[in-house]
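To keep things clear, I will list the structure first and then write my remarks on it.
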Amino acid sequence: MADPERTPSGTPSGATAAPSGREQMRVALGLPAGRTLAEVLGEYEARVARLERELRELRGLLESAHRAVV
Numbered sequence: 002m003a004d005p006e007r008t009p010s011g012t013p014s015g016a017t018a019a020p021s022g023r024e025q026m027r028v029a030l031g032l033p034a035g036r037t038l039a040e041v042l043g044e045y046e047a048r049v050a051r052l053e054r055e056l057r058e059l060r061g062l063l064e065s066a067h068r069a070v071v
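Numbered per this note's numbering, the sequence shown finishes at 71, counting up by one with no gaps.
Here it is as structure tokens:
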């Protein structure tokens, strides 16, 4: 006979099920809820590309300033 204190999945009624492995990994990686790893990685890649461009620009300005002083 079924236990009225348990849900069909076997978890006690009123208790929440343990997070799935995927959910645990999302939390461990610090991913925002509802976001995939691919989305977050895409944003980081875009950010890195922007920072690399800015660094090249700053390096060029620094080299120009150095040449002007020397």
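Quick reminder that beta carbons are idealized off the backbone N, C-alpha and C, glycines included.
Inter-residue spacing [alpha-carbon to alpha-carbon] between residue i and residue j
{"i": "residue 52", "j": "residue 36", "result": "23 Å"}
{"i": "residue 21", "j": "residue 56", "result": "41 Å"}
{"i": "residue 66", "j": "residue 58", "result": "12 Å"}
{"i": "residue 45", "j": "residue 71", "result": "38 Å"}
{"i": "residue 39", "j": "residue 23", "result": "14 Å"}
{"i": "residue 41", "j": "residue 69", "result": "42 Å"}
Where the alpha helix (DSSP H) containing residue i begins and where it ends
{"i": "residue 32", "result": "Per DSSP, residue 32 belongs to no alpha helix (DSSP H) and is neither H nor E."}
{"i": "residue 19", "result": "Residue 19 -> no alpha helix (DSSP H), and no H or E assigned at all."}
{"i": "residue 71", "result": "Neither: residue 71 is in no alpha helix (DSSP H) and is coded neither H nor E."}
Near the ligand NAP: residue i beta-carbon under 7 Å from a heavy atom
{"i": "residue 42", "result": "The ligand NAP is absent from the structure shown, which contains no ligand whatsoever."}
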